[in-house]
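In the numbering used here, the protein residues as written are -1 to 137.
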Amino acid sequence: MKGASLNVSNRENRRLVVLGIDIGTTNIKCCAYDQFCNVIGEAREKMTIINPGDGRHEIEPDILWNIFQGVVKKCLSNSQLTAADVTCLGISTLRASFLTWNRKTEETFHNFITWKDKRCEKLCEQWNSSFITKVKIAF
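Okay, structure coming up:
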């Protein structure tokens, strides 16, 4: 019981800081907010999309991870905070982008394939115009 009350009093003395991170297709942005939702610091950095042709749009996972870490660290520094000051973290990420990896080795099989990728466009058009899909949509 004593330990619980000590934790509560420690929380009362802590600064309440929320980090909001937006991982977009072309950049990553991090903002630090105080308990009144005021921005107390921010950082952002651009990311490069790989466009090797044939409608492909990819992001190298190691580069994304390094930029993510750098942006968070820079935001904390700009806000004169440490990771221990962060109460909560919210992340908005790339929609419909994906990556697969080996669970045992943690090595990736390929780059992130982003939502802008067009390699399966013709296949998706075939599926969407199929009789089965039209029946599903009708009901």
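By construction, the Cβ of each residue, glycine as well, lies at the ideal position given by its N, Cα and C atoms.
No experiment lies behind these values; they were computed from the predicted model shown.
The stretch 105 to 115 and the stretch 54 to 62 touch, with no fewer than 3 CB-CB distances between them shorter than 8 Å. In summary, A136 is exposed, with fewer than 16 beta-carbon neighbours lying within 10 Å of its beta-carbon over all protein chains present. Residue range 37 to 44 is occupied by the beta strand (DSSP E) that includes K44. Here the C-alpha atom of I47 lies approximately 27 Å from the C-alpha atom of G39. If you draw a 10 Å sphere on the C-beta of V69, you find 16 or more other C-beta atoms in it, and that means buried.
Boundaries for G68: no beta strand (DSSP E) harbours it, while the alpha helix (DSSP H) harbouring it runs 59 to 76, taken from the DSSP string. With contacts defined as CB atoms closer than 8 Å, R93 and G53 fail to qualify as a contacting pair. According to DSSP, S128 shares a beta bridge with no other residue.
For S90, the beta-bridge partners assigned by DSSP are D20.
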